[in-house]
Amino acid sequence: MAPRNDGIEDSNISDVEKGIFVLNTDLDASSSHTVDFAQRCLSEFLGVYFTILIGCGSVVVNKLYDGTVTFPGICATWGLIVMITIYTLGHISAHFNPAVTVTLALLGLFPFKEVLLYILCQFLGSLLASATLSCIINITPKGFFGTTPSGSDMQSFVVEIIVAFILMFVVSGATGDRRARKEFGGVIVGMTITANVFVGGPISGASMNPARSLGPAIVRNYYKSIWIYIFGPFIGAIAGGFTYQLLKPTNKSFSELFKRS
4 MAPRNDGIED SNISDVEKGI FVLNTDLDAS SSHTVDFAQR CLSEFLGVYF TILIGCGSVV
64 VNKLYDGTVT FPGICATWGL IVMITIYTLG HISAHFNPAV TVTLALLGLF PFKEVLLYIL
124 CQFLGSLLAS ATLSCIINIT PKGFFGTTPS GSDMQSFVVE IIVAFILMFV VSGATGDRRA
184 RKEFGGVIVG MTITANVFVG GPISGASMNP ARSLGPAIVR NYYKSIWIYI FGPFIGAIAG
244 GFTYQLLKPT NKSFSELFKR S
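Residues in the sequence shown are numbered consecutively from 4, following my numbering.
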């Protein structure tokens with residue numbers, strides 16, 4: 004291409020004219036609180052949508068197509084899609100789980116006034132993803148991609164509490180502690196999801212997330228033991244989050260920590 008000879012200085016040429024398209028600004032968040040909150044809600048909706056679409060998609064494809072994905076493949080898929088969404092949307096908002104949102108609010112790390120809309124967006128993302136799967140795949144009763152106990156309800160209830168505890172404990176340490184190497188947070192949380200599904204999947208389905216279970220249940224109209232996947236993750240996540248708080252630095256001595264008021 005011939006050099007410019009029209010007498011216009013390069014500094015006076017806009018980025019668009021140079022072919023450089025700047026899609027972002029130097030802002031970490033939108034200056035308007037309303038716009039910022041709407042963007043964060045959209046991030047939650049999209050994050051859950053992608054997670055359920057891909058994660059549950061691997062489940063239904065494995066069930067209907069002669070185990071092509073395999074159980075280890077399902078475990079890896081859940082971990083990968085969670086990792087991908089965290090790195091894609093984590094700088095905006097990446098709870099993707101009502102139990103995580105409520106736990107962060109109880110810990111004083113998230114405003115209570117925003118909890119309900121966050122949870123609504125998460126459930127809507129799960130509903131739409133479940134509806135999408137139902138539209139693009141001919142799902143038979145055998146291909147149900149929700150979560151149901153393989154043993155007793157109590158076994159699955161305990162498993163859901165444990166895996167949600169582990170998840171929230173890891174989230175608190177890997178992404179919520181200022182001492183952590185947060186650039187690895189997405190990988191660590193994704194690997195935790197994979198490990199939890201490996202162990203808890205054959206027993207309870209390893210939901211860890213009320214939205215993950217309730218969306219498919221509503222779309223497919225199948226609610227067997229749904230209470231397990233609503234209460235279990237909340238109990239486990241809250242316990243995991245508060246347990247990690249015991250490991251955070253404090254200026255108080257043991258006597259001050261346990262001193263009765």
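Backbone N, C-alpha and C fix where the C-beta goes; we use that ideal spot for every residue, glycine too. Here the structure is a predicted model, which is why all the values come from computation and not from measurement.
Determine the burial state of residue i: buried for a count of at least 16 other Cβ atoms within 10 Å of its Cβ, exposed for fewer.
{"i": "residue 139", "result": "exposed"}
{"i": "residue 43", "result": "buried"}
{"i": "residue 114", "result": "exposed"}
{"i": "residue 237", "result": "buried"}
{"i": "residue 101", "result": "buried"}
{"i": "residue 170", "result": "buried"}
{"i": "residue 157", "result": "exposed"}
{"i": "residue 277", "result": "This structure cannot speak to residue 277, because the chain is shown only from 4 to 264."}
{"i": "residue 111", "result": "exposed"}
{"i": "residue 258", "result": "exposed"}
{"i": "residue 107", "result": "buried"}
{"i": "residue 261", "result": "exposed"}
{"i": "residue 96", "result": "buried"}
{"i": "residue 121", "result": "buried"}
{"i": "residue 70", "result": "exposed"}
{"i": "residue 35", "result": "exposed"}
{"i": "residue 75", "result": "exposed"}
{"i": "residue 38", "result": "exposed"}
Taking the C-alpha atoms as reference points, what is the distance between residue i and residue j?
{"i": "residue 2", "j": "residue 155", "result": "Given that the chain is displayed from residue 4 to residue 264, the structure contains no residue 2 and the question cannot be resolved."}
{"i": "residue 153", "j": "residue 245", "result": "30 Å"}
{"i": "residue 255", "j": "residue 125", "result": "38 Å"}
{"i": "residue 271", "j": "residue 31", "result": "Coverage of the chain is limited to positions 4 through 264, which leaves residue 271 absent and any answer about it impossible."}
{"i": "residue 213", "j": "residue 194", "result": "20 Å"}
{"i": "residue 142", "j": "residue 55", "result": "15 Å"}
{"i": "residue 64", "j": "residue 216", "result": "17 Å"}
{"i": "residue 98", "j": "residue 229", "result": "21 Å"}
{"i": "residue 66", "j": "residue 83", "result": "20 Å"}
{"i": "residue 187", "j": "residue 104", "result": "21 Å"}
{"i": "residue 92", "j": "residue 181", "result": "19 Å"}
{"i": "residue 234", "j": "residue 151", "result": "14 Å"}
{"i": "residue 51", "j": "residue 40", "result": "17 Å"}
{"i": "residue 88", "j": "residue 253", "result": "33 Å"}
{"i": "residue 127", "j": "residue 47", "result": "10 Å"}
{"i": "residue 251", "j": "residue 145", "result": "46 Å"}
{"i": "residue 118", "j": "residue 240", "result": "15 Å"}
{"i": "residue 196", "j": "residue 190", "result": "10 Å"}
{"i": "residue 129", "j": "residue 220", "result": "10 Å"}
{"i": "residue 33", "j": "residue 45", "result": "14 Å"}
{"i": "residue 72", "j": "residue 137", "result": "18 Å"}
Is there a C-beta anywhere in chain B that falls below 8 Å from the one on residue i?
{"i": "residue 62", "result": "Among the chains in the structure shown there is no chain B, since it carries only a single protein chain."}
| request: Kindly provide the ranges of any alpha helix (DSSP H) runs that are 4 or more residues long and lie completely inside the region 134 to 210, ordered along the chain. | output: 156 to 177, 188 to 207
| Are at least three pairs of beta-carbons, each pair with one atom in the region 121 to 135 and one in the region 195 to 209, less than 8 Å apart? | no
| said: With a threshold of 8 Å, are at least 3 pairs of Cβ atoms found where one atom belongs to the region 187 to 200 and the other to the region 78 to 91? | reply: yes
| query | Quick one: any contact between the region 243 to 259 and the region 159 to 177, if contact means 3 or more CB pairs under 8 Å? | reply | yes
| said: Under 8 Å: do the region 158 to 170 and the region 208 to 225 share three or more Cβ pairs, one atom per stretch? | reply: yes
| field | Contiguous alpha helix (DSSP H) assignments of at least 4 residues, all confined to the region 216 to 262 | value | 229 to 248, 257 to 260
| Which full runs of the alpha helix (DSSP H) of 4+ residues lie inside the region 45 to 102, going along the chain? | 74 to 92
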